[in-house]
Amino acid sequence: MEISGSGIAEEIAAALEWWREAGVDCAFEDVPRQWLAPPVQDAKAPPVPVPAAPIAEPAMPAEAAIGGDPAVWPRELEGFRQWWITEPSLDGGRSGGRVAPRGNAGAALMVLVPEPEAEDGVRLLSGAQGRLLDGFLAAAGIGLEDAYVASALPRYTPAADWPALTAHGLGAVVRHHVALVRPARLLVFGSNLLPLVDNDPANKADFSRRFNHEGISLPLLGARDLQALLQRPRGKAAVWRAWLDWTGG
61 MEISGSGIAE
71 EIAAALEWWR
81 EAGVDCAFED
91 VPRQWLAPPV
101 QDAKAPPVPV
111 PAAPIAEPAM
121 PAEAAIGGDP
131 AVWPRELEGF
141 RQWWITEPSL
151 DGGRSGGRVA
161 PRGNAGAALM
171 VLVPEPEAED
181 GVRLLSGAQG
191 RLLDGFLAAA
201 GIGLEDAYVA
211 SALPRYTPAA
221 DWPALTAHGL
231 GAVVRHHVAL
241 VRPARLLVFG
251 SNLLPLVDND
261 PANKADFSRR
271 FNHEGISLPL
281 LGARDLQALL
291 QRPRGKAAVW
301 RAWLDWTGG
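Its first residue numbered 61, the sequence shown is counted upward by one per residue in our numbering.
In structure tokens, the structure reads:
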């Protein structure tokens, strides 16, 4: 039987319509195909460097106290004088340029100044400050043999860092020195020295105080340092008035 071209077309259309109504409107093959292109492999990103953990710096050893261990400090004044000249920790390991205190234990007056003068050699306060002090002592009726003169620092130290020196224990050395001398009175020239000899905050604004240490209690008077009095002579009158009030003269 012959089938016309139009008949074949109608049959094909009918078959497609049947499959379309059946829910199949795509051609299928038995052999599977890879319809999706294979995923493109991302190029490996360079590894992100991980910062190394910071290396902790070794702890700095605590700075040794000025004078070292108080348990081994000299207990007699003569031994203290020698220790004052030779002990390395009193001046950061240096020993040159030191000047010893002068006077005797039990003096009527102990005079404490910040440091030796620049020109000092064997004798403490051998320059202009020393001459000013000698004049003051003479006016006060105190002979040189009745005065003990000492410095808080063993050598001339311009622009000394007094807060740091105080924090590192200089005050303990100074107070021990005063206790060994055991004077009747203590006169301190220099406001920077007052925290070294008196830790009582109640006395902060008062220049007339008391020194209390190692069972010793004695009158203490603070005054401007000798160098300041040389530069401003008018200040000497105020020191003299304070002295008279302090001594009842």
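Backbone N, C-alpha and C fix where the C-beta goes; we use that ideal spot for every residue, glycine too.
When the distance is taken between beta carbons, is residue j closer than 8 Å to residue i?
i, j, result
"residue 173", "residue 250", "yes"
"residue 310", "residue 282", "Only positions 61 to 309 of the chain appear in the structure, and residue 310 is not among them; the question remains open."
"residue 269", "residue 258", "yes"
"residue 207", "residue 171", "yes"
"residue 200", "residue 303", "yes"
"residue 188", "residue 290", "yes"
"residue 280", "residue 225", "no"
With a cut-off of 8 Å on the beta carbons, I'd call residue i and residue j a contact; round off their distance for me.
i, j, result
"residue 168", "residue 202", "6 Å"
"residue 215", "residue 132", "At roughly 22 Å, the Cβ-Cβ gap does not stay under 8 Å, so residue 215 and residue 132 are not in contact."
"residue 127", "residue 190", "In fact, because the Cβ distance is near 26 Å, the residues do not count as touching under 8 Å."
Tell me which same chain residues have a C-beta within less than 7 Å of the C-beta of residue i, skipping the five on either side of it?
i, result
"residue 155", "146, 148"
"residue 237", "140, 210"
"residue 120", "In this prediction, residue 120 has a pLDDT of 43, which is less than 50 and means its spatial position is unreliable; what the coordinates show is noted afterwards. The answer is none, since no qualifying residue turns up."
"residue 274", "239"
"residue 137", "165, 240, 241"
"residue 192", "286, 289, 290"
"residue 235", "257, 273"
"residue 276", "239, 242"
"residue 163", "207, 208, 209"
"residue 295", "284, 288, 289"
Spatial neighbours of residue i within its chain, please: CB distance less than 8 Å, with the 5 preceding and 5 following residues excluded, ordered by chain position.
i, result
"residue 231", "255, 256, 257, 259"
"residue 305", "268"
"residue 142", "134"
"residue 301", "none"
"residue 130", "232, 236"
Sort out for me which residues DSSP pairs residue i with in a bridge.
i, result
"residue 251", "For residue 251, which the question treats as bridged, DSSP gives no partner whatsoever."
"residue 209", "162, 171"
"residue 271", "278"
"residue 246", "170, 280"
"residue 326", "In the structure as shown, the chain begins at 61 and stops at 309. Residue 326 is therefore absent and cannot be evaluated."
Answer yes or no: the CB of residue i versus the heavy atoms of the ligand ZN, is any distance below 7 Å?
i, result
"residue 223", "Only the bare structure without any ligand can be found here, which leaves the ligand ZN out of the picture."
Which same chain residues, not among the five before or five after residue i, have their C-beta less than 6 Å away from its C-beta?
i, result
"residue 217", "175"
"residue 180", "159, 186"
"residue 222", "252"
TODO: May I ask you to verify whether the stretch 169-189 touches the stretch 208-225, counting CB pairs closer than 8 Å and requiring at least 3?
DONE: yes
Open item on the list: Under 8 Å: do the stretch 189-205 and the stretch 277-295 share three or more Cβ pairs, one atom per stretch?
Closed with: yes
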